[in-house]
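Heads up: the structure comes next, in structure tokens.
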Amino acid sequence: MRTLYRSSVTGVAGRREPRRQLAGSGPRTGAGRRFATLGIFLFLGVAIAAGPVAGQQNMADVEITTVELESDLFMLMGRGGNIGLSVGDDGAFMIDDQFAPLTEKILAAVAAVTDKPVRWVLNTHWHGDHTGGNENLGEAGAMIVAHENVYRRMNPAEFAGLVGRSGQAPRAALPVVTFDQGVRFHWNGRHIEVTHIGRAHTDGDAIVHFPRANVFHMGDTFFRGRYPFVDVDSGGGIDGVIAAANFVLERSSEGTRIIPGHGELASPEHLREYRDMLETVRLRVAGLVANGRTEDQVVAAAPTADLDALWGENPERFVRAVYRSLAGS
Ligand SMILES: [Zn+2]
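All residue numbers for the sequence shown refer to the numbering used here, where the first residue is 255 and numbers rise by one.
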């Protein structure tokens with residue numbers, strides 16, 4: 255019997271919520287071993303609101319929570335983007351790696367469920383709260399894989415024509431394998447399918463599907479329970495975020511579990527509500543754009559007023575991103 259700890263539901267930005275204990279049982283060895291940590295708060299709003307380089311300080315209080323999806327498939331939560339983790343005879347396969355100061359704690363959480371090293375790190379996109387551990391893990395021997403645009407945005411020195419946001423990463427942090435449309439891993443007895451969704455949260459998003467487990471990792475194309483950050487300056491756009499939600503919903507069934515970029519583990523119903531909200535806001539903003547409203551006028555029209563209580567009290571950044579997606583600025 256192992257004990258897992260998970261936080262309580264909703265995961266609304268910046269809201270502190272106490273964690274509750276869930277008893278879970280694992281069929282494998284190590285009976286009685288506790289591999290999850292407890293009692294943490296996420297402060298997600300801080301990490302997101304201030305952008306990808308935020309959250310570098312005050313990492314001492316962060317603890318990594320392990321959520322078991324199958325006996326060899328996990329979600330790790332700490333600070334920054336949620337981590338996906340497949341373990342087995344071939345070695346650990348990790349999806350995203352949060353911030354560099356957390357690598358030691360993340361590796362301790364990995365070591366609690368496998369004695370094998372991290373062999374692969376797949377980045378869902380380039381933001382620092384998902385790739386901050388790349389340098390540490392790359393130096394430790396992990397192969398980093400990402401969409402080609404992640405490589406470009408993390409290595410702008412090589413790409414003079416790159417427009418919008420980027421940030422030079424150390425060599426060891428850069429992906430060593432990149433893909434365009436997608437890539438498939440055959441690893442730990444699983445077929446892991448990675449698909450690029452164009453111009454969504456950024457221009458380099460990957461959605462990861464574990465078909466046998468019926469699990470998806472959506473990266474930051476999905477913020478559970480709140481308005482998303484759509485990084486238009488990194489090539490993102492509202493239509494791609496909606497397309498990402500539809501991509502997963504079309505492949506979902508009742509038992510599907512979805513790891514969002516931020517927030518608690520989700521169901522297709524959570525994703526459907528989120529997709530519907532995105533479409534509603536898109537439709538309203540598109541109407542205002544068609545009537546010739548400027549960006550500030552669209553914000554002033556408060557097109558999300560009836561949604562804010564549920565999806566977030568500060569919709570301005572989201573509304574501006576939707577406007578800019580549609581107006582093409
Ligand atoms: Zn992001």
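Even for Gly, the Cβ is constructed at its ideal location relative to N, Cα and C. Given the structure is predicted, the values throughout are model-derived calculations rather than measurements.
Using the beta-carbon count (16 or more within 10 Å), is residue i buried or exposed?
i: N388; result: buried
i: Y577; result: buried
i: L258; result: Confidence at L258 is low in this model, with a pLDDT of 41, below 50, so the placement of that residue should be treated as unreliable; the coordinate-derived value is given next. L258 is buried by the Cβ-count criterion.
i: A575; result: buried
i: P478; result: The question names Pro, but residue 478 is Arg in the sequence shown. With 16 or more other Cβ atoms within 10 Å, it is buried.
i: D434; result: exposed
i: A314; result: exposed
i: E518; result: buried
i: S507; result: exposed
i: P522; result: buried
i: T548; result: exposed
i: N568; result: exposed
i: D550; result: exposed
i: G491; result: buried
i: E322; result: buried
i: P424; result: exposed
i: G284; result: Only weak support is given to the placement of G284: the predicted model assigns it a pLDDT of 36, under 50, and the value that follows is read from those uncertain coordinates. The residue in question, G284, is exposed, as its Cβ has fewer than 16 Cβ neighbours within 10 Å.
i: F476; result: buried
i: Q352; result: buried
i: V316; result: buried
i: V307; result: Any reading at V307 needs caution, since the residue's pLDDT is 47, under 50, leaving its predicted position unreliable; the model's value is listed next. By the 10 Å Cβ count, V307 comes out exposed.
i: R520; result: Residue identity check: residue 520 is Ala in the sequence provided, not Arg. The residue is buried, with at least 16 neighbouring Cβ atoms inside 10 Å.
i: R333; result: buried
i: P465; result: exposed
i: F289; result: Residue placement at F289 cannot be trusted, given a pLDDT of 38 that sits under 50; what the coordinates show is reported in the next sentence. Buried: at least 16 other Cβ atoms inside 10 Å.
i: A563; result: exposed
i: D369; result: exposed
i: A362; result: exposed
i: G509; result: exposed
i: H524; result: buried
i: A454; result: buried
i: G338; result: buried
i: R438; result: exposed
For the putative contact between residue i and residue j, defined by C-beta atoms under 8 Å, what is the C-beta separation to the nearest angstrom?
i: H471; j: I349; result: 5 Å
i: N403; j: G458; result: 3 Å
i: V495; j: V484; result: 6 Å
i: G345; j: D326; result: At roughly 12 Å, the Cβ-Cβ gap does not stay under 8 Å, so G345 and D326 are not in contact.
i: Y405; j: L428; result: 6 Å
i: R511; j: N468; result: 7 Å
i: G418; j: S488; result: 6 Å
i: T432; j: H401; result: 6 Å
i: D560; j: H516; result: So it is not a contact: roughly 23 Å between Cβ atoms.
i: I451; j: F501; result: 6 Å
i: I461; j: F347; result: That pair is no contact at about 15 Å.
i: A499; j: Y528; result: 6 Å
i: G392; j: A354; result: Not quite, the Cβ-Cβ distance comes to about 11 Å (not below 8 Å), so this is no contact.
i: W380; j: M408; result: 5 Å
i: L503; j: V539; result: The pair is not a contact, with the Cβ atoms about 22 Å apart (cut-off 8 Å).
i: G421; j: H384; result: Their Cβ separation, rounded to whole angstroms, is 13 Å, which puts G421 and H384 out of contact at 8 Å.
i: M397; j: V448; result: Incorrect: roughly 14 Å between the Cβ atoms, too far for contact.
i: L542; j: V552; result: 5 Å
Can you tell me where the beta strand (DSSP E) holding residue i begins and where it ends?
i: I451; result: R444 to I451
i: F464; result: D459 to F464
i: A400; result: M397 to H401
i: S420; result: Run containing S420: none; DSSP gives neither H nor E here.
i: F470; result: V469 to H471
i: G338; result: I337 to S340
Assuming residue i is part of the alpha helix (DSSP H), what are its boundary residues?
i: S325; result: Counting along the chain, S325 falls outside any alpha helix (DSSP H), and DSSP gives it neither H nor E.
i: V430; result: Run containing V430: none; DSSP gives neither H nor E here.
i: L580; result: E570 to A581
i: L564; result: D562 to W565
i: V316; result: Premise fails: V316 is in no alpha helix (DSSP H) and is neither H nor E.
i: V552; result: E549 to A554
TODO: Just list the beta strand (DSSP E) runs in the segment 347-394, keeping only unbroken ones of 3 residues or longer that don't cross its boundaries, in chain order.
DONE: 372-376
Open item on the list: Ignoring anything shorter than 3 residues, give me the beta strand (DSSP E) runs that lie fully in the segment 484-523, in order along the chain.
Closed with: 511-513
Task: Beta carbon shell of ligand 1 at less than 5 Å from a heavy atom - done: H381 and D474
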